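My numbering puts the first residue of the sequence shown at 42, with every later residue one more than the last. Positions of the beta carbon are idealized from the N, C-alpha and C atoms, including for glycine. All of these numbers come straight from a predicted model, not from anything done at the bench. Working notes, beginning with the structure itself.
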Amino acid sequence: MPQELRAVDWTGSGLALIDQTLLPHRHETMAVHDVDTLVDAIQRLVVRGAPAIGAAGAYGVALAIIEGEREGWTEAEVRAAVARVREARPTAVNLMAGVDRVMTRFAEGLDAVLEEAAAVQREDVAANRAMGAFGADWLLAKLQQAGVERPLRILTHCNTGALATAGWGTALGVIRELHARGRLEVVYADETRPLLQGSRLTAWELVQEGIPHYVQADGAAAGTILRGEVDAAIVGADRIAANGDTANKVGTVGVALACADAGIPFLVAAPTTTVDLATGTGDEIHIELRGEAEVLEWAGVRTAPAESRGHNPAFDVTPGRLVTGLVTERGVLEVSAGELPGDRLNMGRSV
Ligand code: MRU
């Protein structure tokens, strides 16, 4: 078993981020000692994935305090820097939740802030481990009821592994658990246009774990599902509304629709820190619109006609009615059967 990856780490004086823009060809760590660099790293997806940016944001508060001391900032200037970290990307609620949780210790000073950020990180790993077990138990039981006894063929979209979290992974954590139990045949990893989190990052993690997989074009997913080549799909989330509507990487809703048509489970695996009970429905979720070049160019070379405009929503919303199961660290909610997060989850301070 390879050493567990740490996408986000505190070095004692700053952040060490695995630069995910360089993977799979280069595995390098980027040192971050100031807020501008952190905001830029979050926006360029050096660090990405809802729980990972939650942890980075939590440590971002410490970074703002240290930079403020170095540069002689007023408290208002430190708070303004924290606000910039909090707003670096709009969709994943973990970023805001991580910053807000740590800010409850701001008045106690740097050590308290660092203690709280470390707790955000530690609790995320523990949540992922719990989700892995709950998700694998649920899937194996459901598929056994449906007469499936053989190892499973699982489709996933985007990257939800150790790189996207504080460690282990959410949806990919369930997949790793199935593999560890000897109950996984193969993973279909959607390549995840336009930034290729599936082919660059998920496939890289699966290689590290020795997990058999295919990378497929996003456009292949519905056909693979409808041909009966997939037993279940499992994805992560960036924000889950009280009614179970789920924002995740663009392309997710098409996977969910195909699963519904094929009658196979569509699971969302996310810690309760990704559930935002203040958001009633998916219509209220702010979907990040990214730059046009990401869809008009390929590896920096223009592919679309010069006259074309690009439309580049980074996420979409899957209606709760299509979410067969929401796997959290507290167990599995059968959302499409009426177990809504708003009714079933009684959140603590972390959301
Ligand atoms: O734009 P990204 O790469 O940050 O998007 C990531 C996703 O959509 C993930 O599926 C989600 O954050 C869950 S990660 C455990």
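Whole-angstrom C-beta distance between residue 108 and residue 122, which should lie under 8 Å: Against the sequence shown, residue 122 aligns to sequence position 81. Against the sequence shown, residue 108 aligns to sequence position 67. Confirmed, about 7 Å.
Under the three-state DSSP convention, the category residue 288 falls into: Start at 1 with the first residue of the sequence shown, and residue 288 comes out as number 247. Three-state result, residue 288: strand.
Exposed unless 16 or more other CB atoms sit within 10 angstroms - verdict on residue 135: Here residue 135 refers to the residue found at position 94 of the sequence shown. Classification for residue 135: buried.
Residue 71 - partner residues in DSSP beta bridges: As a working mapping, residue 71 is identified with position 30 in the sequence shown. Answer is 58.
Reference residue 338; option with closest CA among 81, 370 and 352: What you label residue 338 is simply residue 297 of the sequence shown in a count that begins at 1. The candidate whose alpha carbon is nearest that of residue 338 is 352.
Reduced DSSP secondary structure (H/G/I, E/B, other) of residue 218: Numbered from 1 along the sequence shown, position 177 holds the residue referred to as residue 218. Three-state DSSP puts residue 218 in a helix.
Residue environment, residue 268, which counts as buried when at least 16 other CB atoms sit within 10 Å: As a working note, residue 268 is residue 227 in the sequence shown. Exposed is the call here.
Inter-residue Cα distance where the pair is residue 387 and residue 370: Looking up residue 387 in the sequence shown gives position 346. Looking up residue 370 in the sequence shown gives position 329. Straight-line Cα distance between these residues: approximately 13 Å.
Residue from 147, 89 and 277 with nearest C-alpha to residue 102: Stepping through the sequence shown from its first residue, residue 102 is reached at position 61. Of the candidates 147, 89 and 277, the one whose C-alpha sits nearest the C-alpha of residue 102 is 147.
Three-state secondary structure assigned by DSSP to residue 243: Here the question's residue 243 lines up with position 202 in the sequence shown. Here residue 243 sits in helix by DSSP.
Sequence-distant residues of its chain with Cβ nearer than 6 Å to residue 100 (five each side left out): Position 59 of the sequence shown, counted from the first residue, corresponds to residue 100. Same-chain partners within the cutoff: 51, 56 and 158.
beta-carbon residue 89 near the ligand MRU non-hydrogen atom, thresh 6 Å: Numbered from its first residue, the sequence shown carries residue 89 at position 48. Yes, Cβ of residue 89 sits closer than 6 Å to a heavy atom of the ligand MRU.
The segment 323-332 contacting the segment 269-287, beta-carbon criterion three pairs below 8 Å: yes
Host alpha helix (DSSP H) of residue 155 (start-end): For the purposes of this step, residue 155 is identified with residue 114 of the sequence shown, where counting begins at 1. Run containing residue 155: 151-186, per the alpha helix (DSSP H) assignment.
Helix, strand or coil at residue 371 according to DSSP, with G and I counted as helix: Here residue 371 refers to the residue found at position 330 of the sequence shown. The answer is coil: DSSP assigns residue 371 none of H, G, I, E or B.
Residue 277 CB to nearest heavy atom of the ligand FMN below 6 Å: Looking for the ligand FMN in the displayed structure turns up nothing; the ligands present are the ligand MRU.
Beta-carbon proximity check, residue 206 vs residue 92, cutoff 7 Å: On the sequence shown, residue 206 is found 165 positions in, with the first residue counted as 1. On the sequence shown, residue 92 is found 51 positions in, with the first residue counted as 1. Yes. Within cutoff.
Proximity below 7 Å, CB of residue 82 to CB of residue 76: Here residue 82 corresponds to residue number 41 of the sequence shown, with the count starting at 1. Here residue 76 corresponds to residue number 35 of the sequence shown, with the count starting at 1. Contact: no.
Residue 217, buried or exposed, once every other Cβ within 10 Å from all chains shown has been counted against 16: Numbered from 1 along the sequence shown, position 176 holds the residue referred to as residue 217. Residue 217 comes out buried.
Which of helix, strand or coil DSSP assigns to residue 210: As a first step, residue 210 must be located in the sequence shown, where it is residue number 169. The answer is strand: DSSP assigns residue 210 an E or B state.
Element boundaries [alpha helix (DSSP H), containing residue 81]: On the sequence shown, position 40 is the one that residue 81 refers to. Note, residue 81: alpha helix (DSSP H), 76-84.
Buried or exposed by the 16-neighbour rule on C-beta atoms within 10 Å, applied to residue 138: Here the question's residue 138 lines up with position 97 in the sequence shown. Its Cβ being crowded by 16 or more others within 10 Å, residue 138 is buried.
CB-CB length for residue 256 against residue 244, believed under 8 Å: In the sequence shown, the residue the question calls residue 256 occupies position 215. In the sequence shown, the residue the question calls residue 244 occupies position 203. Between residue 244 and residue 256 the Cβ distance is about 5 Å, and since that is below 8 Å, they are a contact.
Nearest candidate by alpha-carbon position, reference residue 258, set 229, 316 and 242: Start at 1 with the first residue of the sequence shown, and residue 258 comes out as number 217. Looking at the Cα atoms, 229 is the closest of the given residues.
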